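This report refers to the structure that appears directly beneath it.
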Amino acid sequence: MAEVEPSRSSEVVSCRALTKRYGELAAVDGVTFALEPGTVAGFLGPNGAGKTTTLRLLLGLAEPTAGEALVFGRRYRELEQPIRRIGAVLESSDFHPASRGRDHLRALALAAGLPLGRVEEVLALVELTDAAKRRVRTYSLGMRQRLGLAAALLGDPELLVLDEPANGLDPAGVRWLRTFLQAFATQGRTVLVASHLLAEVAQTVDRVLIIDHGRLLASGRLDELTRDGRTLEDVYLALTAGEVS
Amino acid sequence: MTGQLRAELLKQRSTQTTFFLFLAMVGLVALASALHVLAPSPSSLASLKHQLQVFEVGTRVGMLFAGLVGAMAITAEIRYGTIRPTFLVTPRRGPVIAAKLAVGALAGIVFGLLAEGLMAGATTAALSVRGIDNQLAGGDYLQLLAGGTAAAALWAMIGLGVGALARNQVATLVGLCAWMLLVENLLLPFIPDAGRFTPGAAGLALAGSIADKLLTPAPAALMLALYAAAAAAGGWLATLRRDVA
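As they're listed, the protein sequences go chains A and B.
Position 54, counted from 1, in the first sequence is what this note's numbering calls 54; the numbers after and before it change by one each time, with no gaps.
Offset between the second sequence (1-based) and this note's numbering: plus 245.
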């Protein structure tokens with residue numbers, strides 16, 4: 001394996017030879033990539049390719065077997081108040097069904113030492129103020145997605161990490177999310193979004209990472225990957241061998 | 246740490262779980278008191294020992310429900326996935342467990358005090374209604390309330406530690422109920438040399454039960470505190486080391 005360049009200080013995300021094994025299975029196998037500030041990166045791959053595991057390693061929810069995953073040059077667990085720099089949504093339903101939307105956010109804000117006024121700001125941002133007093137079990141999937149996003153935005157982060165954020169959103173919601181992410185990146189902030197929705201990704205991202213069987217198959221600018229007139233879907237299916245999983 | 250405690254208190258208050266457990270406990274105490282005082286013949290309720298056996302049902306119920314509240318505090322987060330945003334905010338995880346132990350113990354105090362208080366009140370009234378001489382002195386009541394409350398607080402920490410180790414909510418709740426209602430009830434009469442050292446029997450002794458074969462209150466308190474410390478330490482270590490799905 002080639003020598004890996006030392007992490008550059010400007011890199012928002014950097015994974016180097018990142019590996020996670022579960023017994024014989026390498027869920028993530030030597031993944032190396034880095035993201036510069038202001039990037040919207042699409043993280044693509046079939047089900048079970050290793051996308052979510054990579055994100056969990058990056059966010060300190062799981063420990064790598066080998067290699068390292070750094071955010072802002074440090075391991076997530078070593079960051080002081082990580083929620084002020086990184087916002088993440090890994091599942092669309094990480095709520096207690098009996099909790100009210102506002103209370104879910106308040107508990108996180110309290111634990112993070114953020115002012116409770118910030119909860120109202122993010123509720124307004126994702127247009128959930130009117131539903132905030134309802135229990136989450138009454139929310140549609142799209143509302144849950146937006147509540148998750150509100151939680152990720154509590155600390156006004158510089159990096160957003162999202163796993164399938166468009167799931168369950170209606171067309172208006174998808175456009176809202178796309179506009180939001182592009183505006184977010186325009187402010188020099190960074191987005192890493194794992195998704196299956198290639199057409200949506202092609203409209204939103206400027207960088208693409210394609211992973212399958214735990215290995216990173218492609219990493220580069222979207223316009224370079226599709227330079228020869230191929231669509232993102234063509235590139236993706238050629239790399240992942242079009243397997244149905 | 247104040248923020249963590251407030252976050253955990255809000256979770257306890259906002260999800261209805263604590264309220265429903267509270268209702269179930271009150272109903273059970275009322276039922277147990279009625280059955281144990283109104284059904285038996287007056288002669289079988291004449292001695293202090295027999296009367297204490299009725300009162301100590303409140304101790305059992307208080308300990309069990311405190312254990313359930315403690316177990317819910319961690320297993321509900323794992324079941325509903327809120328453990329992910331919780332650990333994204335506090336990736337070192339230790340403060341989360343510490344706050345859960347503190348708030349769990351507080352909930353245990355409330356549950357224990359209420360269970361003992363309700364049982365003592367209802368049973369005292371029922372004895373009086375049936376014209377049976379109450380053999381308990383003021384000191385007996387005091388030990389029941391103080392000892393039972395302390396036992397419930399420690400049981401909440403046991404429940405939390407067991408829940409953090411087992412992680413599966415249903416298995417943890419069923420396991421705690423089966424332990425308290427089946428295993429302990431069989432061990433003490435049939436294998437008293439082991440049964441007297443169990444956490445439930447220790448709690449009964451701490452609350453002043455003078456049933457045969459029990460420890461005296463001081464070693465019982467030490468025994469129960471050791472169980473709580475072991476469960477808390479086990480749950481703490483497991484939570485810090487294990488990956489989050």
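From the three backbone atoms N, C-alpha and C, an ideal C-beta is built for every residue, glycine too.
The model shown is predicted, which means the values in this text are computed figures rather than measured ones.
Open item on the list: Suppose the cutoff is 6 Å on Cβ atoms and the five residues either side in sequence are ignored; what does the same chain contact list for Arg215 (chain A) look like?
Closed with: Asp29
Open item on the list: Between the alpha carbons of Leu160 (chain A) and Leu276 (chain B), how many angstroms are there, rounded?
Closed with: 53 Å
Task: Span of the beta strand (DSSP E) around Ala66 (chain A) - done: Ala66 to Val71
Task: Interface positions of the segment 464 to 490 of chain B facing chain A (Cβ-Cβ less than 7 Å), listed along the chain - done: Asp488 and Val489
Task: Spatial distance of Ser278 (chain B) from Ala367 (chain B) (CA atoms) - done: 6 Å
Task: Sheet register partners of Trp33 (chain A) (DSSP bridge) - done: The sequence given here has Phe at residue 33 (chain A), not Trp. In the DSSP output, where bridge partners are listed per residue, Phe33 (chain A) has A:Cys15.
Task: N-terminal and C-terminal residue of the beta strand (DSSP E) that Thr190 (chain A) is part of - done: Thr190 to Ser195
- [ ] State yes or no: is the C-beta of Arg118 (chain A) within less than 8 Å of the C-beta of Ala109 (chain A)?
- [x] With respect to Ala109 (chain A), Arg118 (chain A) sits close: the two C-beta atoms are nearer than 8 Å.
- [ ] Could you say which of B:Tyr386, B:Leu410, B:Gly408 and B:Leu427 lies nearest to Leu451 (chain B) if we only look at CA atoms?
- [x] B:Tyr386
Task: Helix, strand or coil at Ala27 (chain A) [DSSP, three-state] - done: strand
Task: Cβ separation of Ser10 (chain A) and Glu36 (chain A), assumed to be a contact under 8 Å, to the nearest whole Å - done: Confirmed, Cβ separation roughly 6 Å.
Open item on the list: Does the distance between the C-beta of Ala316 (chain B) and the nearest non-hydrogen atom of the ligand FAD fall short of 7 Å?
Closed with: What this structure holds is no ligand at all, so the ligand FAD is not there to describe.
Task: the segment 67 to 96 of chain A: positions lying closer than 7 Å to chain B by Cβ - done: Of all residues in the segment 67 to 96 of chain A, the ones placed with a Cβ closer than 7 Å to any Cβ belonging to chain B are Tyr76, Arg77, Pro82, Ile83, Ala88, Leu90, Glu91, Ser93, Asp94, Phe95 and His96, in chain order.
- [ ] With DSSP collapsed to three states, give me the class of Val4 (chain A).
- [x] Residue confidence is low: Val4 (chain A) scores 49 on pLDDT, short of 50, so the model does not pin down where it sits. No coordinate-derived value is stated.
Open item on the list: Considering only their Cβ atoms, is the gap separating Gly312 (chain B) from Ala401 (chain B) smaller than 8 Å?
Closed with: yes
- [ ] Measure the C-alpha to C-alpha separation of Val282 (chain B) and Glu361 (chain B) and round it to an integer number of angstroms.
- [x] 15 Å
TODO: Could you name the residues of the same chain whose beta carbon sits closer than 7 Å to that of Ile328 (chain B), not counting the 5 residues immediately before and after it, in chain order?
DONE: Glu322 and Val489
Task: Chain-order list of residues whose beta-carbon lies under 7 Å from that of Pro82 (chain A) (same chain, five-residue window excluded) - done: Tyr76
Task: Chain-ordered neighbours of Ser99 (chain A) on chain B, where CB pairs are closer than 7 Å - done: Ser259 and Thr260
- [ ] Measure the CB-CB distance between Ser92 (chain A) and Arg135 (chain A) and report whether it falls below 8 Å.
- [x] No; because the gap between Cβ atoms is not below 8 Å, this pair is not in contact.
- [ ] Compare the C-beta of Glu3 (chain A) with all C-beta atoms of chain B and state if any pair is closer than 8 Å.
- [x] Because the pLDDT at Glu3 (chain A) is just 46, under 50, the model does not fix this residue reliably, and the value given afterwards should be weighed accordingly. It does not: the Cβ of Glu3 (chain A) has no partner Cβ on chain B nearer than 8 Å.
TODO: Under 7 Å Cβ to Cβ from Leu346 (chain B), same chain only, skipping five residues before and after it: list those, please.
DONE: Met402, Leu405 and Ala477
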